[in-house]
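To keep things clear, I will list the structure first and then write my remarks on it.
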Amino acid sequence: MGIFKRIKDSLVGQSTKQSEKYVAGLDKSRSSFSSKINELAARYRELDEDYFEELENILIMSDVGVSMVMTIVDEIKKEVRLQGIVDPKEINDIIVDKMFVIYANESYMTTKINEAKEGLTVILMVGVNGAGKTTTIAKLSNKLKQEGKSVMVAAGDTFRAGAIDQLATWASRLDIPCVKGKEGGDPSAVVFDAIEQAMASEVDVLICDTAGRLQNKVNLMNELEKMNRIIQRTIPEGPHETLLVIDATTGQNGVSQAKEFSKITDVTGLVLTKMDGTAKGGIVLSIKDELNIPVKFIGLGESLDDLEEFDLEQYIYGLCQNLMGE
Amino acid sequence: MPFESLSDRLQDSLKKIKGQSQLTEANMDEMLREIRLALLEADVNFNVVKEFIKNTKEKALGQDVLGSLKPGQVVVKVVHDELVTLLGTEASELDLSRDMNVIMMVGLQGSGKTTTSGKIAKYLTDKKAKKPLLVAADIYRPAAVDQLVTLGKQLDIPVFEKGTDIKAEDIVTQALAYAKENHHDVVIVDTAGRLHIDEPLMQELRNIKEIAQPSDVLLVVDSLTGQDIVNVASSFHESLTITGAVLTKLDGDSRGGGALSIRHITGVPIKFIGTGEKLDAIDMFYPDRMADRILGMGDVVSLVEKVQDVYDEKDAMKTMNRMKQGTFGLDDMLEQMHQMKKLGPLSGVLKMIPGMPKIPEINDDDTDKKMKQTESIIFSMTPSERRDPSLLNAKRKERIAKGCGRTVADINKLLKQFEQSKLMMKQLSSLNPETGMPMTQGKSQFQVNPNRKKERHKKKKKK
Ligand SMILES: Nc1nc2c(ncn2[C@@H]2O[C@H](COP(=O)(O)OP(=O)(O)OP(=O)(O)O)[C@@H](O)[C@H]2O)c(=O)[nH]1
Ligand SMILES: [Mg+2]
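This is how it looks when you write it as structure tokens:
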């Protein structure tokens with residue numbers, strides 16, 4: 001058993017099932033990760049500076065932060081030297097292992113939603129404007145519903161025109177209750193009402209939408225803090241899950257987003273959206289490295305079933321795809 | 001430290017060669033490495049960075065370092081010029097030459113198309129005396145039509161919508177007829193967000209383009225975007241031949257390096273930038289000023305212009321003069337607060353100025369409340385106290401607190417704010433009104449010796 005497999009088994013616990021869709025989204029050719037890396041090996045006769053430069057470029061073009069890329073490449077170089085490897089064919093495991101270890105970083109990774117031990121589970125969705133919070137709520141509700149849970153949503157974006165209707169439309173398609181307030185009203189009040197109603201009707205999970213906000217807007221961040229506080233007033237250990245939604249096209253600013261949202265709320269995981277495009281979402285590696293926030297889900301389209309649990313191996317493969325030839 | 005500003009990074013690298021009197025290949029390389037890093041960390045596209053560094057190196061090595069200029073300064077100048085070249089030099093307007101001009105808004109999901117449609121409609125109404133019609137052509141995203149209709153109501157600008165049970169192409173066809181009938185001179189088509197690789201949806205856009213024969217096709221791009229910008233921009237351009245780009249969410253703390261890349265990738269200009277969620281938060285794009293911002297020098301020119309636009313000049317002059325005479329008092333601050341409120345989104349611009357003290361964000365409800373509080377405190381002071389707040393000792397503060405029903409802590413907070421205001425006014429009043437640059441630094445930093453060429457000739461002759 002390779003190091004990679006061992007680490008993975010010990011860190012991830014149960015492995016997640018891969019749906020056809022996820023594989024299709026990230027690996028259109030369906031060939032396995034290692035066979036792809038083998039193709040790369042064929043392009044280079046030896047592990048020279050060119051090889052590493054190409055590796056570096058590819059990671060940078062995937063939005064992995066520059067300093068993070070340096071670290072990864074340095075680590076790989078070191079290992080290559082240590083093991084005295086010259087043949088590119090033998091580097092494959094090292095790339096995967098190193099990136100895996102850097103991401104995992106001794107933390108226990110799970111893609112499961114953290115549920116309340118008993119009673120209502122509250123999930124808060126946060127993120128910058130246009131990241132995909134509302135759509136993700138619809139997808140997550142769908143997923144939880146399929147797992148047999150009862151779900152309620154709260155239209156906490158009272159600011160953006162049409163935002164309440166947007167969530168309400170999804171809720172009626174899903175046939176789940178949606179708690180609404182007035183457009184322009186206090187979002188904390190909506191969340192408060194929703195918690196009361198969720199508890200009264202004994203639903204399992206309440207997912208709260210929030211308005212998109214750029215992390216440098218003090219007033220809006222204060223508003224979010226207040227929503228968080230309101231939840232905690234009724235449910236001291238809540239919100240059980242605060243998911244920061246990040247668009248896969250996001251560049252270096254993603255780290256600042258994670259940093260600032262973490263200051264205000266206890267961000268427990270990321271949802272990486274729009275991974276069905278060409279963006280690689282490499283910034284989540286930097287976010288994991290700096291703030292130890294794991295990715296829990298990835299979004300792969302605009303339909304209700306386009307949400308998948310995050311799979312690191314698939315993801316790393318996606319990052320290195322270009323390195324492995326067309 | 002990924003979030004230091006580019007200029008910090010540049011200055012750091014410049015410091016390293018400060019003591020050296022010569023630009024060598026070695027110290028150049030070191031600097032260029034830093035510049036490359038800084039650009040990449042600002043999300044400038046990888047390919048663009050590569051070419052940028054190559055060009056900068058060629059140009060910088062060909063420069064003479066003359067007069068009191070330091071090699072590092074020459075490089076900064078070269079970098080600045082190179083940035084301007086990349087971004088384009090002139091601001092680019094919408095094409096409004098026809099009787100009916102159609103503007104098509106396209107882009108990825110969530111990039112800001114609908115909001116920007118509203119903003120442009122408002123801009124055209126207010127600044128260009130046009131009579132725009134907004135068209136809701138997003139039939140896919142739940143409540144997308146409601147969103148545009150709501151914006152239309154807020155702006156009092158008509159929105160053409162036909163629900164979502166109809167093809168987007170048909171909506172546009174009908175909208176054009178409607179616009180003609182009702183004498184609209186601009187039609188703004190808000191399309192659904194889509195991925196550039198979604199062929200069926202890209203085909204829909206091509207169909208709409210065929211029908212509408214737009215005068216402008218604007219690609220709306222989120223300034224938080226990273227390296228993928230190259231795929232997005234080139235695909236949309238290939239498919240639709242866009243005429244311009246709009247860069248949104250520049251009020252965030254991203255460094256907007258994507259802007260640099262778009263022009264380079266597509267050759268089309270950036271026409272507008274979005275600087276907030278409110279419908280007046282839109283600006284023309286000035287490439288040279290953007291270069292300044294990317295270099296961390298602050299978008300001071302935009303600032304000065306905006307200040308002139310909104311600021312009541314006489315009041316402002318009065319305040320400025322008091323500032324210069326060192327007699328800036330609490331009454332002046334109050335006046336300034338009223339002005340600031342009028343400026344609104346300017347608070348975003350102010351933040352771009354390096355060294356500007358943090359000013360509290362301007363939010364209408366909040367500002368009103370705070371303004372009332374501030375007023376009640378200031379109005380409980382004597383005129384001499386207002387003029388010279390240093391008079392305020394503990395005893396006076398207690399008296400004032402009682403007078404306005406607030407605490408001494410509130411008064412202290414106000415005084416602190418006053419100190420900040422004073423500082424800010426000082427910085428504003430030291431800007432050169434012509435260049436918008438701080439008068440103390442601006443000059444020496446970028447002055448190029450006008451006799452540069454001549455001197456070089458001389459040198460050659462001597463040889
Ligand atoms: N802070 C800030 N927010 C903006 C700006 N432009 C748009 N937004 C916000 O970004 C989010 C998405 O904007 P929309 O206008 O709905 O974007 P869209 O491209 O029409 O989105 P879809 O139609 O869903 O693809 C909203 O929350 C807007 O309020 C801007 O310049 N600054
Ligand atoms: Mg829209």
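Chains as they are written, first to last, in the working numbering: chain P, 1 to 326; chain V, 1 to 463. C-beta atoms are modelled at their ideal positions from N, C-alpha and C, and glycine is treated no differently.
Taking only the alpha-carbon atoms, compute the straight-line gap between residue i and residue j and give it to the nearest angstrom.
i	j	result
G65 of chain P	G254 of chain P	10 Å
W170 of chain P	H196 of chain V	25 Å
G277 of chain P	G299 of chain P	10 Å
I231 of chain P	G156 of chain P	12 Å
R387 of chain V	V153 of chain P	55 Å
A138 of chain P	L304 of chain P	7 Å
F33 of chain P	K50 of chain V	Confidence at F33 of chain P is low in this model, with a pLDDT of 44, below 50, so its placement is unreliable and no value can be given for it.
Q308 of chain V	G118 of chain V	Caution is warranted here: a pLDDT of 40 is assigned to Q308 of chain V, below 50, making its placement in the model unreliable, and no coordinate value can be reported.
L307 of chain P	Q314 of chain P	15 Å
V126 of chain P	A163 of chain P	14 Å
C178 of chain P	V191 of chain P	11 Å
M437 of chain V	R289 of chain V	In this prediction, M437 of chain V scores a pLDDT of 45, lower than 50, which makes its location untrustworthy; the coordinate-derived value is nonetheless stated afterwards. Approximately 11 Å between the Cα atoms of the pair.
S127 of chain V	D283 of chain V	Residue identity check: residue 127 of chain V is Lys in the sequence provided, not Ser. Cα-Cα distance, rounded: 12 Å.
L312 of chain P	G163 of chain V	42 Å
L86 of chain V	M61 of chain P	20 Å
K18 of chain V	N292 of chain P	The predicted position of K18 of chain V is uncertain, since its pLDDT is 47 and thus under 50; a value taken from the coordinates is nonetheless stated next. Straight-line Cα distance between these residues: approximately 39 Å.
Give the interface partners of residue i over in chain P, defined as CB-CB distance under 9 Å, in chain order.
i	result
K249 of chain V	V128, N129, G130 and L214
L218 of chain V	The premise fails here: L218 of chain V is roughly 16 Å from chain P at the closest Cβ pair, so nothing lies under 9 Å.
Let me check understanding here. Comparing Cα to Cα, which of the options lies closest to residue i?
i	options	result
D228 of chain V	V:T382, V:L218 and V:I265	V:I265
D331 of chain V	V:K370, V:Y286, V:M381 and V:D368	V:M381
F285 of chain V	V:P389, V:A91 and V:Q417	V:A91
V284 of chain P	P:K259, P:P88, P:E237 and P:N142	P:K259
A116 of chain P	P:F100, P:I235 and P:S286	P:I235
F272 of chain V	V:D146, V:L201, V:R255 and V:L250	V:L250
I316 of chain P	P:M70, P:D93 and P:L47	P:D93
D190 of chain V	V:V230, V:D29, V:E210 and V:V102	V:V102
D170 of chain V	V:L205, V:E375, V:P158 and V:S421	V:L205
G269 of chain P	P:T242, P:A131 and P:L120	P:T242
G119 of chain P	P:E54, P:E79, P:A198 and P:E56	P:A198
T250 of chain P	P:D266, P:M221 and P:S286	P:S286
L61 of chain V	V:Y140, V:N27, V:Q174 and V:H183	V:N27
P287 of chain V	V:D81, V:I378 and V:A179	V:D81
With C-beta atoms as the reference, is residue i less than 7 Å away from residue j?
i	j	result
G112 of chain V	T248 of chain V	yes
A212 of chain V	A168 of chain V	no
D204 of chain P	S150 of chain P	yes
Q109 of chain V	G226 of chain V	no
D209 of chain P	L167 of chain P	yes
I188 of chain V	A121 of chain V	yes
E34 of chain V	Q252 of chain P	no
P200 of chain V	G88 of chain V	no
I want to verify the contact list: residues of chain V whose CB lies under 7 Å from the CB of residue i, in sequence order.
i	result
A161 of chain P	Q147, T150 and L151
V66 of chain P	L37, L40 and E41
T169 of chain P	P142 and A143
A279 of chain P	D228
Within 6 Å: the Cβ of residue i and any heavy atom of ligand 2?
i	result
A136 of chain V	no
K113 of chain V	yes
A175 of chain V	no
A161 of chain P	no
A466 of chain V	The structure shown does not extend to residue 466 of chain V, since chain V is modelled only from 1 through 463, so no value can be given for it.
Give me the chain P residues within the contact set of residue i, using Cβ-Cβ distance strictly less than 8 Å, ordered along the chain.
i	result
F285 of chain V	Those within 8 Å of F285 of chain V in chain P number zero; the least Cβ separation is about 19 Å.
D222 of chain V	G130, D247 and T249
Please list, in chain order, the chain V residues whose beta carbon lies closer than 8 Å to that of residue i.
i	result
I60 of chain P	L40, F46 and Q227
S303 of chain P	Those do not exist, as S303 of chain P stays about 11 Å from chain V at its closest Cβ, beyond 8 Å.
F283 of chain P	Per the sequence presented here, residue 283 of chain P reads as Ile, with Phe not at that position. Correct list: G226.
N57 of chain P	F46
Would you say the beta carbon of residue i is closer than 6 Å to some non-hydrogen atom of ligand 1?
i	result
G276 of chain V	yes
D251 of chain V	yes
T136 of chain P	no
L151 of chain V	no
T248 of chain V	yes
Residue i versus chain V: which residues are under 9 Å apart at the beta carbon?
i	result
K274 of chain P	L108, Q109, G110 and L195
D74 of chain P	Chain V residues near D74 of chain P: none, gap ~15 Å exceeds 9 Å.
Under 7 Å between C-beta atoms, does residue i make it to chain A?
i	result
N142 of chain P	Structure shown: chain A not included; protein chains present are P and V.
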